[in-house]
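K.L.:
Provided herewith is a single structure, encoded as structure tokens, for subsequent inquiry.
Residue numbers (this note's numbering): 9 to 72.
Right under this line is the structure:
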């Protein structure tokens, strides 16, 4: 259940993946959060976008 009165961001506490299909690649991304589990289906394109954004967050640039 979503928090209606708390403006603090929902924290990710744990992450897990499970491959559903190898070709084309499809996986379930499970995020354990303060408010419970969030399960997302992601394909290769979305996985690559997530990796790119996380590397940017960590300060890595593809140009280096």
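A virtual CB, placed ideally from N, CA and C, is assigned to each residue, including glycine.
How big is the Cα-Cα spacing for residue 34 and residue 22?
P.N.:
20 Å
K.L.:
From the DSSP secondary-structure annotation, give me the bridge partner or partners of residue 25.
P.N.:
37
K.L.:
Between the Cα of residue 41 and the Cα atoms of 61, 69, 16, which residue gives the shortest distance?
P.N.:
16
K.L.:
What first and last residue would you give for the alpha helix (DSSP H) that runs through residue 57?
P.N.:
52–65
K.L.:
Rounded to the nearest angstrom, how far is the Cβ of residue 38 from that of residue 31, given a contact under 8 Å?
P.N.:
In fact, because the Cβ distance is near 22 Å, the residues do not count as touching under 8 Å.
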